[in-house]
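Structure first, then comments.
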Amino acid sequence: MNQSADTPSGTPAEGPAASGPVARQGRGKEIALRVLQVVVGLFYALGSAVPKLIGQQMAVDTFQDIGAGMWLMYLVGVLELAGGIGLITPWLSGLAALGLIALMIGAFITQLTVFHGDSAAFPLVMIVPLAVIAWGRRSTLKALPTLLHGKPGARPAP
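Convert by adding 1 to the 1-based position in the sequence shown; the result is the number in the working numbering.
So this is what it looks like as structure tokens:
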């Protein structure tokens, strides 16, 4: 019986191969991906969103320099908070990662156009772990339409 350690859904397979080195490697990748999700999610939810949502002076100054008004600061804060929470939520993690990638692309463009490239590398660096999460959780993206339409048993494997 020559089964792979993972089934197409990403869950461990049953049988002798499920306890071999490939299965351990798969569990290790899963744990690493979950840790990455939590760390990046906490960064966005607490480290990036909170200063905007409480109106910390540095955030206020930055968004005043952008010139779009304080509504944009609060909108970005809410989107970062939602994205951070979504990264930690197993069935939303892929979608949250893609949403935060879009937000980081906007931040990169803003850094280039408004701030003349100051700190433009930071949003690009943040895209890397988000892309890893989006790729690692692509099964959640495929299952999301089914989940939203209320099909029983449609919750994807994290």
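The beta-carbon is built from N, C-alpha and C at its ideal position, and this holds for glycine as well.
Report the residue from the options whose alpha carbon sits nearest the alpha carbon of residue i.
i	options	result
ILE89	PHE44, GLY107 and SER120	PHE44
TRP136	GLY56, GLY27, PHE64 and LEU34	LEU34
VAL36	ALA103, MET71, PRO124 and PRO91	PRO91
PHE116	PRO22, GLN57, ARG28 and ASP62	ASP62
LEU82	ALA60, VAL51 and LEU149	VAL51
ILE106	ALA122, LEU96 and GLY95	ALA122
LEU148	ILE134, ARG25 and LEU96	LEU96
PRO124	VAL40, ILE134 and LEU104	LEU104
VAL133	ARG25, ALA24 and LYS30	LYS30
THR111	PHE64, MET71, LEU145 and TYR75	PHE64
Residue i by DSSP, collapsed to three states: which one?
i	result
VAL115	coil
THR147	helix
GLY29	helix
GLY137	helix
SER94	helix
SER120	coil
GLN57	coil
Below 9 Å between beta carbons: does that hold for residue i and residue j?
i	j	result
LEU113	VAL79	no
THR141	LEU93	yes
GLY1	GLY42	Any property of residue 1 remains undetermined from this structure, which presents the chain solely from 2 to 159.
PHE138	GLN38	Before going further, note that residue 138 is Arg rather than Phe in the sequence given. In contact: ARG138 and GLN38 (Cβ atoms closer than 9 Å).
When you measure from the CB of residue i to every non-hydrogen atom of the ligand SAH, does any distance come out below 8 Å?
i	result
GLN112	Judged by which ligands are present, the structure shown has none, so any question about the ligand SAH falls away.
Below 8 Å on the Cβ atoms is my contact criterion, and I expect residue i with residue j to pass it. Report the Cβ-Cβ distance as a whole number of Å.
i	j	result
LEU131	ALA98	5 Å
ILE102	ILE67	Going by Cβ atoms, the distance from ILE102 to ILE67 rounds to 20 Å, so no, they are not a contact pair.
Let me confirm a value: residue i is counted as buried when at least 16 other C-beta atoms fall within 10 Å, else exposed. Which label applies?
i	result
VAL77	buried
LYS143	exposed
GLY118	exposed
SER120	exposed
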